[in-house]
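*Asks:*
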Amino acid sequence: KAGVTQTPRYLIKTRGQQVTLSCSPISGHRSVSWYQQTPGQGLQFLFEYFSETQRNKGNFPGRFSGRQFSNSRSEMNVSTLELGDSALYLCASSLSEGLIGTGELFFGEGSRLTVL
Amino acid sequence: EDQVTQSPEALRLQEGESSSLNCSYTVSGLRGLFWYRQDPGKGPEFLFTLYSAGEEKEKERLKATLTKKESFLHITAPKPEDSATYLCAVQHNTGTASKLTFGTGTRLQVTL
Chain A
1156 KAGVTQTPRY LIKTRGQQVT LSCSPISGHR SVSWYQQTPG QGLQFLFEYF SETQRNKGNF
1216 PGRFSGRQFS NSRSEMNVST LELGDSALYL CASSLSEGLI GTGELFFGEG SRLTVL
Chain B
3 EDQVTQSPEA LRLQEGESSS LNCSYTVSGL RGLFWYRQDP GKGPEFLFTL YSAGEEKEKE
63 RLKATLTKKE SFLHITAPKP EDSATYLCAV QHNTGTASKL TFGTGTRLQV TL
């Protein structure tokens, strides 16, 4: 069974640009959540989607947004990139109804974003 | 403020030398506590979920326990392949929503 797939794996952008990251969950999983991981802050929750609806949102500015499609695939977008946005962005899928329910998360290998 | 703190930040053990990792939390409305293992360049891999104080879960050389304020991940007779960063995360209620807060992890190195 294929795992969570994230693309691209690595990307370099400059300040002010925008970026879109993609996540394909495990087949059958309808919940997708996104996380930012940095050496200083660790893993921080960005947002979570279930059945194309955002269920939960972390404490990130509005420059960070996401969406989920009818096939459960998800994208996140960061606009007006800042140097501090450099991080590993991780996507996770779950069988449960996301954070409202309970259940183990299956993570992808992440998209490493470098902002110059 | 909701907080999840892991200690120690880093731990170096010799093969066979048992130890424990700690995850303490101050959150309201705890719904569950998760342990994950993360290898360099990879996403976290799920290990355990604990829901209530007194609960224990075991998997190979790992055993997770939960009290009202903290969780321990006990590693018995570790092997070099147990080297990784171990993360704990707490799922808790925030008003009408639910939130997942991660600790910053414990980097474990097991040497021969």
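From first to last, the protein sequence lines stand for chains A and B. For the first sequence, the residue numbers in our numbering are 1156 to 1271. For the second sequence, the residue numbers in our numbering are 3 to 114. Beta carbons: idealized from backbone N, C-alpha and C, even for Gly.
Regarding A:Phe-1261 and the ligand COA, is the C-beta to nearest heavy atom distance less than 7 Å?
*Replies:* Looking at this structure, you won't find the ligand COA or any other ligand, since it has none at all.
*Asks:* How long is the line joining the alpha carbons of B:Val-6 and B:Thr-69, rounded to whole angstroms?
*Replies:* For the pair B:Val-6 and B:Thr-69, the Cα-to-Cα distance works out to about 14 Å.
*Asks:* For B:Glu-83, which three-state DSSP category applies?
*Replies:* Looking at B:Glu-83 - three-state DSSP - the assignment turns out to be helix.
*Asks:* If you draw a straight line from the alpha carbon of B:Glu-72 to that of B:Glu-11, how long is it in whole angstroms?
*Replies:* Going by the C-alpha atoms only, they are around 16 Å apart.
*Asks:* Beta-carbon separation of A:Gln-1191 and A:Leu-1176 under 8 Å?
*Replies:* no
*Asks:* Pop quiz: B:Thr-113 and B:Glu-17 are said to be a contact at Cβ under 8 Å. What is the actual Cβ separation, rounded to whole angstroms?
*Replies:* 7 Å
*Asks:* Could you check what DSSP says for A:Leu-1236 in three-state terms: helix, strand or coil?
*Replies:* It is coil, neither helix nor strand.
*Asks:* Would you kindly report the start and end of the unbroken beta strand (DSSP E) that includes B:Ala-99?
*Replies:* 99 to 104
*Asks:* In terms of residue numbering, what span does the beta strand (DSSP E) encompassing B:Tyr-53 cover?
*Replies:* Segment: none, B:Tyr-53 is in no beta strand (DSSP E) and carries neither H nor E.
*Asks:* Can you tell me the Cβ-Cβ gap for B:Leu-2 and B:Leu-35, rounded? I've got them flagged as a contact below 8 Å.
*Replies:* Because chain B is modelled from 3 through 114, residue 2 of chain B falls outside the range shown and cannot be assessed.
*Asks:* In chain order, what residues of the same chain have a beta carbon less than 6 Å from the beta carbon of A:Leu-1271, not counting five sequence neighbours either side?
*Replies:* Thr-1169
*Asks:* Which residues, in order along the stretch 1196 to 1218 of chain A, keep a beta-carbon less than 9 Å from a beta-carbon of chain B?
*Replies:* Gln-1196, Gly-1197, Leu-1198, Gln-1199, Phe-1200, Glu-1203, Arg-1210, Asn-1211, Lys-1212, Gly-1213
*Asks:* Please tell me whether A:Ile-1255 has its Cβ less than 8 Å away from any Cβ of chain B.
*Replies:* Annotation note: pLDDT 49 at A:Ile-1255 (below 50); position unreliable, no value reported.
*Asks:* Suppose you measure from the CA of B:Thr-78 to the CA of B:Ala-66; what does that come to, to the nearest Å?
*Replies:* About 11 Å.
*Asks:* I need the DSSP call for B:Asn-2, collapsed to helix, strand or coil.
*Replies:* As displayed, chain B neither begins before 3 nor continues past 114, which places residue 2 of chain B out of reach and without an answer.
*Asks:* Name the residue from A:His-1184, A:Gln-1173, A:Leu-1198, A:Ser-1206 whose alpha carbon lies nearest to the alpha carbon of A:Gly-1217.
*Replies:* Checked all of A:His-1184, A:Gln-1173, A:Leu-1198, A:Ser-1206; the closest Cα to A:Gly-1217 is A:Gln-1173.
*Asks:* How many angstroms separate the CA atom of B:Glu-47 from the CA atom of A:Thr-1235?
*Replies:* 32 Å
*Asks:* For A:Asn-1232 and B:Leu-13, I'd like the C-alpha separation in whole angstroms.
*Replies:* Taking the straight line from one Cα to the other gives about 36 Å.
*Asks:* Name the DSSP beta bridge partners of A:Gln-1223, please?
*Replies:* A:Ser-1229
*Asks:* State the beta-bridge partners of B:Gly-34 as determined by DSSP.
*Replies:* B:Gln-93
*Asks:* Would you identify the three-state DSSP class for A:Ile-1167, choosing helix, strand or coil?
*Replies:* strand
*Asks:* Please state if the CB of B:Leu-89 and the CB of A:Leu-1245 are separated by a distance shorter than 8 Å.
*Replies:* no
*Asks:* By the 10 Å Cβ neighbour count, where 16 or more other Cβ atoms means buried, how is B:Thr-108 classified, buried or exposed?
*Replies:* That one is buried.
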